[in-house]
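Colleague:
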Amino acid sequence: MKSPRAAAYARLKARFARIATLGEAAAMLHWDASAMMPPGGAAARGEQLAVIAGLAHELLTAPEVAEDLAAAEAQGAWDEANLALMRRAHARATALPTALVEATARANSACEKVWREAKARADFALVRPHLAEVVRLQRETAQALSAALGLDPYDALMDGYQRGVTAAEVAPIFARYEAFLREALPRAEALQAARPAPVPPRGPFPVAVQRALCRRLAERLGLDFTHARLDESLHPFCGGIPSDVRLTTFYDEANFAKALLGVVHETGHALYERGLPEAWARQPVGEAAGMAVHESQSLLVEMQACRSDAFLAFLGPELHAAFGGDPAPYAPENLARLWRRVERGFVRVDADELTYPAHVILRFRLERALIAGELAVADLPGAWNEGFAALLGLTPPDDARGCLQDIHWYDGAFGYFPSYTLGAMAAAQLMRAARRELAELDAALARGAFGPLLAWLRARVHGEGARLGFQDLLRAATGKPLDPEDFLAHLRARYLAEG
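To convert, take the position in the sequence shown, counting from 1, and add 1423; that gives my numbering.
(1) Are three or more beta carbon pairs between the stretch 1575–1593 and the stretch 1856–1870 nearer than 8 angstroms?
(2) Using 10 angstroms around the beta-carbon of Gly-1835, count the other beta-carbons present and answer buried if the total reaches 16, otherwise exposed.
(3) For Arg-1562 versus Gly-1838, is the C-beta spacing smaller than 8 angstroms?
(4) In this structure, what does DSSP give as the bridge partners for Gln-1720?
(5) Check this for me: beta carbons of Arg-1515 and Gly-1713, under 8 angstroms apart or not?
(6) Throw me the rounded Cβ distance for the Ala-1440 and Arg-1705 pair, which I believe falls under 8 angstroms.
(7) Do Gly-1685 and Gln-1927 count as a contact pair if the criterion is CB distance below 8 angstroms?
(8) Please give the ranges of any alpha helix (DSSP H) in the stretch 1756–1834, keeping only runs that are unbroken, at least 4 residues long and fully inside the region.
(9) Name the residue from Phe-1910, Ala-1485, Cys-1826 whose alpha carbon lies nearest to the alpha carbon of Arg-1551.
(10) Quick check: the Cα distance between Leu-1845 and Asp-1654, rounded to an integer number of angstroms?
(11) Using DSSP with H/G/I as helix, E/B as strand and the rest coil, what is Val-1588?
(12) Rank Ala-1682, Ser-1666, Asp-1667 by C-alpha distance to the C-alpha of Phe-1673 and give the top, closest one.
(13) Using the Cβ count rule (16 or more neighbours within 10 Å means buried), how would you classify Pro-1623?
(14) Measure from the alpha carbon of His-1831 to the alpha carbon of each residue in Trp-1538, Met-1726, Ala-1611, Met-1854, then state which is nearest.
(15) Could you have a look at Asp-1582 and say whether DSSP puts it in helix, strand or coil?
(16) Between Ala-1465 and Glu-1487, what straight-line distance do the alpha-carbon atoms span, to the nearest angstrom?
(17) Apart from the five residues just before and just after Leu-1644, which ones in its own chain have a Cβ nearer than 6 angstroms to its Cβ?
(18) Does Phe-1893 come out as helix, strand or coil in the three-state DSSP assignment?
(19) Could you compute how far the alpha carbon of Lys-1536 sits from the alpha carbon of Ala-1497?
(20) Skipping 5 residues on each side, what residues in its chain have a beta carbon closer than 6 angstroms to that of Glu-1703?
(21) Give me the DSSP bridge partner(s) of Ile-1664.
(22) Would the beta-carbon of Trp-1879 fall within 8 angstroms of that of Glu-1863?
(23) Just verifying my parser: in three-state terms, what is the DSSP assignment at Asp-1654?
(24) Consult DSSP for Gly-1713 and reduce its assignment to one of helix, strand or coil.
(25) Counting Cβ pairs, one atom from each stretch, are 3 or more of them under 8 angstroms apart for the stretch 1516–1536 and the stretch 1798–1817?
(26) Given a threshold of 16 other Cβ atoms within 10 Å of its Cβ, counted over all protein chains shown, does Thr-1818 qualify as buried or as exposed?
(27) In chain order, what residues of the same chain lie with their CB nearer than 6 angstroms to the CB of Tyr-1753, ignoring the 5 residues before and after it?
(28) Roughly how many angstroms separate the alpha carbons of Asn-1757 and Leu-1897, rounded to a whole number?
(29) Taking the alpha-carbon of Ala-1449 as reference, which of Leu-1508, Thr-1517, Gly-1662 has the nearest alpha-carbon?
(30) Could you have a look at Thr-1649 and say whether DSSP puts it in helix, strand or coil?
(31) Count Cβ pairs between the stretch 1601–1615 and the stretch 1776–1795 that sit closer than 8 angstroms; are there 3 or more?
(32) By Cβ distance below 6 angstroms, which residues in the same chain neighbour Phe-1679 in space, the five residues on each side in sequence not counted?
Right, dumping it as structure tokens:
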């Protein structure tokens, strides 16, 4: 017979498994909405997702949950971590009154719809009152979570996306990168200008050939299609659940790289989901460790591995075999110049590896000021343009290429943006550690063999689930917390080396 404390923990595990199963259903409905659902299904889908979210919230905030959390006792590191994550989830859920949750959902939905029109018209004034309401509710949410979690209000929002890192840690890291970029970007541009321009492969590139190539490459990276599928959507993403991963991409017959590199990136996410510990499925500790960790896995696969000289030596002949024509554009050195080109631009999603963090730094600073009440929504376009000019020396010609370009804020996602650059930095740090431990890693990549790298990631990252926070996971995998110098060293070697 179980002790009362063990019985309380067992009840919690059963309850959280039900909550996770509802989350899985919602994940599949989200994927379907982006990849399969006809436009006329949007209203019904919204109601379906709202009901599922409500059921999950009721399960999480029921009075008996607090009683079991107070009584439960766990044995062993994994169970102790699981129980701690249950307490954290319960604290976040109970901190927010139902009226606030519902008001936030309605405001986000209304703002997101208006944002689409405002972006198309490059008219910030159209969405400004809606965004002001979203920001007001996000401030209220941040204050409530702050009191419950003992965190700074903005940190409480960040905690919802990545546990174990705070704005006080992020700010000096980003300031250091800004200083690095001020000197590195002009130098990288000068070195690039002195080298031969890349030669783009000439299409058309039939969609059927691209689709087959993308699937083969994902399989070579280690994705098992008995637990995954690849479909099409306007923007590539990875969704689904660990045992049923859904990838999407977008095919362009004039440029195969959009689909190919999109699949490579999303496969990194998919491999992480597939590698989560099965023994802890549907438990908090069996989930991914956060969005910065998730981004580290997609960027490690795409930027660190698949855009490396070693892998391009393998990929070039594969591309030529698939598409034919002149072999010169598929030479590894040409692919490197083509896919590692530095160019200042206004749009985050089109940015290169060197300038991308500047886009994130700007958003981090602005959203932090918005949540703190230091920046009025009405002043956002001007603050955006001023900050962008300071970081990259450009002034957006309109708000569509400025503060209207991302959906995040208009859908209530404040605190997410730092995860992109923290993930890029973590990816470089993890890759450096992998190279240190796997002497033949680059030789394997040159053969198109991902097995050694994937096995290393399974042991050091994927298999840890959410047991460790961001910094502790990096300490366990690499021997130190986040060290931006590993990312800077990677960028220096790739973009600032002579010759």
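Glycine included, every Cβ here is placed at the ideal spot set by N, Cα and C.
Modeller: Reading it off the structure:
(1) no
(2) buried
(3) no
(4) Gln-1720 is not bridged to any residue.
(5) no
(6) 4 angstroms
(7) Nothing about residue 1927 can be reported from this structure: the residues present for the chain run from 1424 to 1922 only.
(8) 1779–1795, 1803–1815
(9) Cys-1826
(10) 29 angstroms
(11) coil
(12) Ala-1682
(13) exposed
(14) Trp-1538
(15) coil
(16) 35 angstroms
(17) Thr-1690, Phe-1873
(18) helix
(19) 45 angstroms
(20) For the record, residue 1703 in the displayed sequence is Trp; it is not Glu. Excluding sequence neighbours, Trp-1703 sits near Gly-1709, Gly-1888.
(21) Asp-1667
(22) no
(23) strand
(24) strand
(25) no
(26) exposed
(27) Gly-1739, Leu-1742, His-1743
(28) 34 angstroms
(29) Gly-1662
(30) coil
(31) yes
(32) Phe-1628, Gln-1633
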